[in-house]
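Asker: First to last, the sequence lines map onto chains A and B.
Heads up, the first sequence is in this note's numbering, so the first residue is 363 and it goes up one at a time.
Heads up, the second sequence is in this note's numbering, so the first residue is 363 and it goes up one at a time.
No residue lacks a Cβ here, since even glycine has one placed at the ideal position from N, Cα and C.
Given the structure is predicted, the values throughout are model-derived calculations rather than measurements.
Can you read through this structure? Questions will come right after.
2 protein chains.
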Amino acid sequence: MPADRGRAAGPPTISEVAREAGVGRATAARTLGGYGYVSPELRERVLAAAEKLGYRANALARSMSTGVSHTLGVIVADIGNPFFAGVVRGISDTSRARGFDTIVLSTYEDLDEEVAATNVLIDKRVDGFIVASAAVDKGEVAHIRAAMERGIPVVLVDRAVAALDLDAVVIDNREAAREAVETLIAAGHRRIGFVWGPPAPEAPATRRELLAEASRNLWTDGERLRGYLDALDDARIPFDPEVVMVGRKTEERVTQEVARMLALPDRITAVFCTETDAVTGALRALRAAGLAYPRDVALIGFDDSSWAAVMEPPLTMIEQPVHELGAKAAEVLLDTIAGTEPRREMHTLRSRLIVRSSVAPPS
Amino acid sequence: MPADRGRAAGPPTISEVAREAGVGRATAARTLGGYGYVSPELRERVLAAAEKLGYRANALARSMSTGVSHTLGVIVADIGNPFFAGVVRGISDTSRARGFDTIVLSTYEDLDEEVAATNVLIDKRVDGFIVASAAVDKGEVAHIRAAMERGIPVVLVDRAVAALDLDAVVIDNREAAREAVETLIAAGHRRIGFVWGPPAPEAPATRRELLAEASRNLWTDGERLRGYLDALDDARIPFDPEVVMVGRKTEERVTQEVARMLALPDRITAVFCTETDAVTGALRALRAAGLAYPRDVALIGFDDSSWAAVMEPPLTMIEQPVHELGAKAAEVLLDTIAGTEPRREMHTLRSRLIVRSSVAPPS
DNA sequence: ATGCCGCGTGATACCGGTATCAGGTCGCGA
DNA sequence: TCGCGACCTGATACCGGTATCACGCGGCAT
């Protein structure tokens with residue numbers, strides 16, 4: 363019953379514990395803080411008093427005094443996306459194991475929200491943070507630069523940012539995309555739709571413009587485009603802007619765009635989706651067109667999930683090592699915080715194509 | 363270029379800004395803190411100095427001094443579950459709009475983790491928190507009680523806890539389950555499997571034991587069981603322990619259990635799943651048994667999602683107002699923090715059965 | 001010219017910890 | 001018996017803000 367603490371209003375402080383135990387403040391602090399020396403007898407008294415009062419150290423005060431918060435920040439695009447949820451779990455599992463809490467913030471792919479999130483983390487004095495940034499070019503990284511200048515360690519996850527010289531933990535996006543598209547090509551497809559998401563209002567007409575556009579897009583998507591082109595090039599299939607979607611990758615837009623590609627005189631016989639929501643969007647378009655996969659259209663997408671396996675027929679998908687991605691990012695960050703010289707390199711993890719039954723030869 | 367701050371090591375403090383501006387510390391504090399009076403001229407100087415130095419207030423120090431952190435805590439079972447992800451988004455959207463940050467912690471359905479999470483929030487001195495607690499009986503709520511005794515406002519979300527007299531924001535679980543099972547019964551089903559998750563090792567043999575078990579289970583699942591029984595009772599269908607699954611609702615276990623129910627001499631012709639992962643688990647069992655829905659087995663589950671709509675045939679599911687659930691919980695908590703007398707009531711939101719094509723009469 | 005009032009400003013105590021350091025006690029050797 | 005050192009303990013400065021309060025200065029009334 364910690365209620366009889368006299369006039370004290372808030373939670374018990376170390377001074378109150380000291381008074382209760384009849385010792386000096388410093389002695390109580392040493393006992394409870396686990397530093398310095400305290401005789402067994404006094405230690406016992408302090409512990410008993412703390413127990414009685416229900417004392418818990420004020421982490422804010424401690425951080426103020428020591429300058430470290432034992433807290434990591436995490437900024438992701440959307441925590442509701444199973445991909446990021448998995449990454450976050452990887453981060454919190456390993457950071458918790460090393461005594462760090464995590465504060466997770468979602469930006470919902472909005473750069474202003476990302477800046478705001480960064481400021482929240484700076485203000486709360488996290489010891490470092492991990493970010494899957496929506497920033498692409500130099501003009502968009504000021505907030506991260508600002509954090510770096512304050513001496514806050516930063517690690518990028520999922521998305522590398524060319525304008526930033528930082529550790530980044532990513533997967534082999536280009537290779538993964540290439541492998542998927544090669545699988546489609548090997549099955550005999552030549553008209554392969556590409557569901558992409560650069561900010562451009564319409565599809566670039568030429569390869570050159572396409573690549574230019576790629577550098578204005580998220581790094582992951584840029585890489586995936588390169589993988590798509592790699593596979594096309596190897597098979598000497600000409601690039602056709604008509605079968606690549608541009609603009610925001612919402613499920614609705616994907617449905618419209620795939621429907622458009624399906625209505626083309628020379629319609630697509632396969633689709634490659636760079637995101638899981640794009641897969642459901644594409645599937646809706648197929649159904650609306652009265653088409654079935656893999657018979658009429660073959661399909662491969664990014665980010666495997668449980669439902670992809672129970673679809674009938676089950677979907678061939680690219681599986682990303684989400685937990686490892688997060689765990690590795692946390693590890694690199696924690697090492698940097700611990701003082702290990704930052705290497706500032708790109709840590710590339712391998713993804714895996716899970717072959718199921720959504721790919722068949724074109725009809 | 364905030365680099366020429368002299369010998370200062372960390373980020374700039376208010377004293378440094380004051381010195382730079384050539385004013386007293388208090389004046390700089392008043393300007394930057396937005397309180398008290400400062401003449402336009404000095405204000406201008408302070409602002410310029412802060413800008414030049416890249417000053418950002420230390421939220422920790424501010425909280426120490428004022429006693430409020432403008433931060434809400436959120437404890438959910440699994441942020442990777444789209445249901446909780448939606449709830450969290452609802453919470454952060456409305457709390458951000460009212461000037462509060464949120465710290466989200468996942469317990470992965472482990473009570474010890476929940477206790478640890480609660481302590482983290484207490485230690486970080488959040489102004490209040492929202493929790494979807496895994497606690498069921500009196501012996502498991504000590505950590506929440508402790509927070510309440512410290513004067514920290516707490517609001518429950520998704521799961522009410524009988525042992526706690528607190529505001530709770532939930533949906534009409536019992537009614538939702540009843541409606542779903544009634545739909546199954548209306549289609550002609552009498553053997554309806556129930557995928558449930560009480561801690562019991564085996565299915566209770568009698569109704570009485572079942573209900574007793576329900577009170578040892580998560581509140582939501584208890585209510586959903588009652589809804590299931592309500593529907594059975596109304597149709598005078600006897601309860602059969604053989605068709606209710608008990609124990610942890612992992613996807614693998616669901617698959618095994620549904621397979622068992624499918625192998626019964628008097629096999630089930632319909633399944634009701636109280637969770638989205640249970641739906642995929644059940645679907646796997648169907649496929650393994652060479653059965654198709656809705657022809658061989660009808661199916662309804664909790665938590666609608668995009669993929670449920672693109673399944674072939676599309677799934678009939680219960681949609682929960684996830685965002686509203688979170689928004690309402692945040693609202694109630696924020697009001698309590700703001701000093702409005704807490705009402706300690708149950709706020710019930712309506713769910714909705716989305717009828718698609720996974721229910722047909724038994725063959 | 002003097003006194004009073006009020007406004008604007010800066011000095012300072014405080015929040016609850018950490019960490020340094022001074023001082024008191026005790027034991028042991030000379 | 002005295003002195004010195006080791007060992008504990010408690011007093012206190014500090015972290016970076018907030019908030020109270022005292023003080024100096026100018027203006028106005030008398």
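I'd like to know if Ile716 of chain A contacts chain B, where contact means its C-beta is closer than 9 Å to some C-beta of that chain.
Answerer: Taking the first sequence and counting its residues from 1, the one referred to as residue 716 of chain A is at position 354. Not one chain B Cβ lies under 9 Å of Ile716 of chain A.
Asker: Spell out whether any CB of chain A is found under 9 Å from the CB atom of Gly448 of chain B.
Answerer: Indexing the second sequence from 1 puts residue 448 of chain B at position 86. Yes, Gly448 of chain B counts as interfacial toward chain A.
Asker: Excluding the 5 residues preceding and the 5 following Thr464 of chain A in the sequence, name in chain order all residues of the same chain whose CB lies nearer than 8 Å to its CB.
Answerer: Residue numbering aside, residue 464 of chain A sits at position 102 when the first sequence is read from its first letter. Cβ within range, chain order: Thr433, Leu434, Gly435, Val436, Val450, Ile453, Ser454, Ser457 and Arg458.
Asker: Leaving out five residues on either side along the sequence, give the residues of the same chain with a beta carbon under 8 Å from the beta carbon of Leu476 of chain A.
Answerer: To locate residue 476 of chain A, count along the first sequence from 1; it is residue 114. A quick correction: the sequence has Glu, not Leu, at residue 476 of chain A. Cβ within range, chain order: Ile437, Thr469, Val493, Ser495, Ala496, Ala497 and His505.
Asker: Please list, in chain order, the chain B residues whose beta carbon lies closer than 8 Å to that of Leu726 of chain A.
Answerer: Outside the displayed span of chain A (363 to 725) sits residue 726 of chain A, for which this structure offers no information.
Asker: Do you know offhand how far Thr428 of chain A's Cα is from Val385 of chain B's?
Answerer: Here the question's residue 428 of chain A lines up with position 66 in the first sequence. Here the question's residue 385 of chain B lines up with position 23 in the second sequence. Looking at the two C-alpha atoms, the distance is approximately 28 Å.
Asker: What's the C-alpha gap between Leu695 of chain A and His551 of chain B?
Answerer: Position 333 of the first sequence, counted from the first residue, corresponds to residue 695 of chain A. Position 189 of the second sequence, counted from the first residue, corresponds to residue 551 of chain B. Roughly 56 Å separates the two Cα atoms.
Asker: Report the rounded CA-to-CA distance for Pro444 of chain B versus Ile630 of chain B, giving the unit in angstroms.
Answerer: What you label residue 444 of chain B is simply residue 82 of the second sequence in a count that begins at 1. What you label residue 630 of chain B is simply residue 268 of the second sequence in a count that begins at 1. Counting only the Cα atoms, Ile630 of chain B lies some 29 Å from Pro444 of chain B.
Asker: Does any residue of chain A bring its CB to less than 9 Å from the CB of Ala671 of chain B?
Answerer: What you label residue 671 of chain B is simply residue 309 of the second sequence in a count that begins at 1. Answer yes: the Cβ-Cβ gap between Ala671 of chain B and chain A drops below 9 Å somewhere.
Asker: For Thr433 of chain B, write down the residues that DSSP places opposite it in a beta bridge.
Answerer: The count along the second sequence starts at 1 and reaches residue 433 of chain B at position 71. Thr433 of chain B pairs with B:Asp463.
Asker: If I measure Cβ to Cβ from Pro676 of chain B and keep anything under 6 Å in the same chain, skipping five residues before and after, which residues do I get?
Answerer: Counting from 1 along the second sequence, the entry for residue 676 of chain B is found at position 314. Excluding sequence positions up to five before and after Pro676 of chain B, its CB lies within less than 6 Å of the CB of Arg718 and Ser719, all in the same chain and listed in chain order.
Asker: Does the structure place the region 680 to 697 of chain B close enough to the region 519 to 531 of chain B that three or more beta carbon pairs sit under 8 Å?
Answerer: yes
Asker: In its own chain, which residues sit with a C-beta less than 7 Å from the C-beta of Glu575 of chain A, not counting the 5 before and 5 after it?
Answerer: Taking the first sequence and counting its residues from 1, one reaches residue 575 of chain A at position 213. Pro560, Ala562 and Pro566, listed in sequence order.
Asker: Could you please give the first and the last residue of the uninterrupted beta strand (DSSP E) stretch that includes Ile630 of chain B?
Answerer: Stepping through the second sequence from its first residue, residue 630 of chain B is reached at position 268. Element bounds for Ile630 of chain B: n/a, residue is neither H nor E.
Asker: Compare the C-alpha of Pro683 of chain B against each of B:Gly395, B:Ala632, B:Ala447 and B:Lys414 and name the closest.
Answerer: Taking the first residue of the second sequence as position 1, residue 683 of chain B is located at position 321. Checked all of B:Gly395, B:Ala632, B:Ala447 and B:Lys414; the closest Cα to Pro683 of chain B is B:Ala447.
Asker: Establish whether the CB of Leu788 of chain B and some CB of chain A are separated by less than 9 Å.
Answerer: Look at the range of chain B in this structure, 363 to 725, and you will see that residue 788 of chain B is not part of it.
Asker: For Ala525 of chain B, collect the residues of the same chain with a Cβ closer than 7 Å to its Cβ; drop the 5 residues on either side in sequence, then sort them by chain order.
Answerer: The residue you call residue 525 of chain B lines up with position 163 of the second sequence. So the qualifying residues of the chain are Asp499, Lys500 and Val503.
Asker: Tell me whether Asp489 of chain B sits in a helix, a strand or coil according to DSSP, three-state version.
Answerer: One-based indexing of the second sequence puts residue 489 of chain B at position 127. Of the three classes helix, strand and coil, the one that applies to Asp489 of chain B here is coil, per DSSP.
Asker: Quick check: the Cα distance between Met708 of chain B and Pro603 of chain B, rounded to an integer number of angstroms?
Answerer: Position 346 of the second sequence, counting from 1, holds the residue named residue 708 of chain B. Position 241 of the second sequence, counting from 1, holds the residue named residue 603 of chain B. The straight-line gap from Cα to Cα measures roughly 31 Å.
Asker: Using a threshold of 8 Å, is the CB atom of Gly372 of chain B nearer than that to any non-hydrogen atom of the ligand MN?
Answerer: As far as ligands go, the structure on display features none, and thus does not contain the ligand MN.
Asker: Could you tell me if Pro402 of chain B is buried or exposed, where buried requires 16 or more neighbouring beta carbons within 10 angstroms of its beta carbon?
Answerer: Position 40 of the second sequence holds residue 402 of chain B. Answer is exposed; the Cβ neighbour count stays below 16.
Asker: Given a threshold of 16 other Cβ atoms within 10 Å of its Cβ, counted over all protein chains shown, does Pro656 of chain A qualify as buried or as exposed?
Answerer: Here residue 656 of chain A refers to the residue found at position 294 when the first sequence is read from its first residue. It counts as buried.
Asker: Would you identify the three-state DSSP class for Phe634 of chain A, choosing helix, strand or coil?
Answerer: Residue 634 of chain A sits at position 272 when you count from the first residue of the first sequence. Reduced to three states, the DSSP call for Phe634 of chain A is strand.
Asker: With distances taken Cα to Cα, identify the nearest neighbour of Asn420 of chain A among B:Arg418, B:Ala423 and B:Ala388.
Answerer: As a position in the first sequence, residue 420 of chain A is number 58, starting the count at 1. Of the listed residues, the one whose Cα sits closest to Asn420 of chain A is B:Ala423.
Asker: To the nearest angstrom, how far is the alpha carbon of Thr698 of chain B from that of Gly461 of chain B?
Answerer: As a first step, residue 698 of chain B must be located in the second sequence, where it is residue number 336. As a first step, residue 461 of chain B must be located in the second sequence, where it is residue number 99. The straight-line gap from Cα to Cα measures roughly 15 Å.
Asker: Any beta-carbon of chain B closer than 9 Å to the one on Thr393 of chain A?
Answerer: Locating residue 393 of chain A in the first sequence gives position 31, where the first residue counts as 1. Cβ-Cβ to chain B under 9 Å: no for Thr393 of chain A.
Asker: Please compile the residues from chain B whose C-beta is within a distance smaller than 8 Å of the C-beta of Ser668 of chain A.
Answerer: The sequence position of residue 668 of chain A within the first sequence is 306, counting from 1. Within chain B, the residues near Ser668 of chain A are Glu613, Asp639 and Thr642.
Asker: Gly416 of chain A to Pro374 of chain A, Cα distance in whole Å?
Answerer: Here residue 416 of chain A refers to the residue found at position 54 of the first sequence. Here residue 374 of chain A refers to the residue found at position 12 of the first sequence. Those two C-alpha atoms are separated by around 7 Å.
Asker: If contact means a Cβ-Cβ distance below 8 Å, which residues of the region 503 to 537 of chain A contact chain B?
Answerer: Ala508, Glu511, Arg512 and Gly513
Asker: Helix, strand or coil for Leu711 of chain A? Go by DSSP, reduced to three states.
Answerer: For the purposes of this step, residue 711 of chain A is taken as residue 349 along the first sequence, with counting starting at 1. Correct three-state label for Leu711 of chain A: strand.
Asker: Please list the partners that Ile453 of chain B has in chain A, where partner means a Cβ-to-Cβ separation under 7 Å.
Answerer: If you number the second sequence from 1, residue 453 of chain B lands on position 91. Simply none; closest approach about 11 Å.
Asker: Going along chain A in order, which residues have a C-beta closer than 7 Å to the C-beta of Ile630 of chain B?
Answerer: As a working mapping, residue 630 of chain B is identified with position 268 in the second sequence. Residues of chain A passing the Cβ test: none, with the nearest at roughly 18 Å.
Asker: Do you know whose CA, among A:Leu645, A:Glu681 and A:Phe664, lies nearest Met673 of chain A's CA?
Answerer: As a first step, residue 673 of chain A is located in the first sequence; it is residue number 311 there, counting from the start. The residue with the shortest Cα to Cα distance from Met673 of chain A is A:Leu645.
Asker: In chain A, which residues lie with their C-beta within 7 Å of the C-beta of Asp463 of chain B?
Answerer: Along the second sequence, one-based indexing puts residue 463 of chain B at 101. Result: Val482.
Asker: Give the C-beta separation of Val531 of chain A and Ala700 of chain A to the nearest angstrom, bearing in mind that I take them to be a contact with Cβ-Cβ under 8 Å.
Answerer: Taking the first sequence and counting its residues from 1, one reaches residue 531 of chain A at position 169. Taking the first sequence and counting its residues from 1, one reaches residue 700 of chain A at position 338. The C-beta separation of Val531 of chain A from Ala700 of chain A comes to about 17 Å, leaving the pair out of contact by the 8 Å criterion.
Asker: Just mark Pro515 of chain B as buried or exposed, buried being the case when its beta carbon has 16 or more other beta carbons within 10 Å.
Answerer: Your numbering for residue 515 of chain B matches position 153 in the second sequence. Per the 10 Å Cβ criterion, buried.
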